[in-house]
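K.L.:
Right, I'll just put the structure down here and ask away after.
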Amino acid sequence: MTALFAQRARLLAVLAGLAWLLGLMPSAPVRLLVVALVVVGTVLDAVSDAVSPPAAVRVTTLRGRR
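Letter 6 of the sequence shown, counting from 1, is numbered 677 in my numbering, and no numbers are missing.
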């Protein structure tokens with residue numbers, strides 16, 4: 672749940688940044704909301720990484736056969 676929210680917040684922030692670069696100037700409240708989304712997404716991403724460390728990578732040569 673938290674990781675999904677962080678991914679969506681990051682995606683919205685990237686899209687808003689691209690729109691801004693292309694000349695679409697949002698109003699001040701929308702820009703503040705984008706900044707808040709970036710901060711919240713960054714914090715939630717760091718928290719989700721700290722709570723659930725990545726699983727070990729397992730490399731096999733079985734190619735689907737067991």
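Where is the CB? At the ideal position from N, CA and C, for every residue including glycine.
Please report the straight-line C-alpha distance between Pro725 and Ala684, rounded to a whole angstrom.
P.N.:
Against the sequence shown, residue 725 aligns to sequence position 54. Against the sequence shown, residue 684 aligns to sequence position 13. Approximately 25 Å, taken between the alpha carbons.
K.L.:
Can you give the Cα-Cα distance for Leu686 and Leu675, rounded to whole angstroms?
P.N.:
Within the sequence shown, numbered from 1, the residue matching residue 686 stands at position 15. Within the sequence shown, numbered from 1, the residue matching residue 675 stands at position 4. Cα-Cα distance, rounded: 17 Å.
K.L.:
State yes or no: is the beta carbon of Gly712 nearer than 7 Å to at least one beta carbon in chain C?
P.N.:
In the structure shown, chain C cannot be found, because there is only a single protein chain.
K.L.:
Would you say Leu708 and Ala690 are within 7 Å of each other, going by their C-beta atoms?
P.N.:
By 1-based counting over the sequence shown, the position of residue 708 is 37. By 1-based counting over the sequence shown, the position of residue 690 is 19. No, they are not a contact pair.
K.L.:
Quick check on the burial criterion: 16 or more other C-beta atoms within 10 angstroms. Buried or exposed for Leu693?
P.N.:
Sequence index remark: in the sequence shown, residue 693 carries index 22 (1-based). It counts as exposed.
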